[in-house]
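Peer 1: Under the working numbering, the first residue of the sequence shown carries the number 5, and numbering increases by one thereafter.
Dumping the structure here so I can ask a few things about it.
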Amino acid sequence: MRTKVIVMPKAAVLDPQGNAVRDAMRHLGMPEVRSVRIGKYMEIEIDGQNGDLESRLHRLCRDLLSNPVIEDYELEKSEVANRKKTPSSQRTTSKVQLEKPKPRTRKRK
């Protein structure tokens, strides 16, 4: 199975890297560009289809691949047949949007 993970800053979070790219694009002859958001894209290949695989993937995204305070992530799973690229017209995909994470609380000593 192949999983694609897209991590993007939350809409309410400023994106200085995106703003810098937007300004550079305007400077280089694209004044029409209104905004740019910079995120991360990852492809993960996984062997097997364990029953709790999806929940473990969500946990991995939340705890390692994204910062839930300032970023949202999206998982897109697709079945991979004998490790060859499948044309997009034959690929089975499903997007799973994470619900807003609950804030973590720290115990005070």
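Even glycine gets a Cβ: it sits at the ideal position worked out from N, Cα and C.
(1) Using a Cβ-Cβ cut-off of 7 Å (strictly less than) and excluding sequence neighbours within five positions of residue 94, which residues of its own chain qualify?
(2) Need the endpoints of the alpha helix (DSSP H) that residue 83 sits in, please.
(3) Residue 9 bridges to which residues according to DSSP?
(4) Check each candidate in 40, 28, 24, 14 and name the one with the smallest Cα separation from residue 76.
(5) Fully enclosed by the stretch 23-72, which alpha helix (DSSP H) runs are 4 residues long or longer?
(6) Tell me the rounded alpha-carbon separation between residue 64 and residue 37.
(7) Between the beta-carbon of residue 7 and the beta-carbon of residue 69, is there less than 8 Å?
(8) According to the neighbour-count rule (16 or more other Cβ atoms, all chains shown, within 10 Å of its Cβ), is residue 44 buried or exposed?
(9) Nearest to residue 39 by CA position, among 9, 20, 72, 79, is which residue?
Peer 2: Taking the coordinates as given:
(1) A caution first: residue 94 carries a pLDDT of 47, below 50, which makes its placement in the model too unreliable to give a value.
(2) Run containing residue 83: none; DSSP gives neither H nor E here.
(3) 46, 79.
(4) Proximity to residue 76 across 40, 28, 24, 14 peaks at 14, based on C-alpha coordinates.
(5) Uninterrupted alpha helix (DSSP H) stretches at least 4 residues long and entirely within the stretch 23-72 occur at 57-64, given in chain order.
(6) Distance from the CA atom of residue 64 to the CA atom of residue 37, rounded to whole angstroms, is 34 Å.
(7) Between residue 7 and residue 69, the C-beta gap is not smaller than 8 Å, which leaves the two residues out of contact.
(8) Under this definition residue 44 is an exposed residue.
(9) For the residues 9, 20, 72, 79, the minimum Cα distance to residue 39 belongs to 20.
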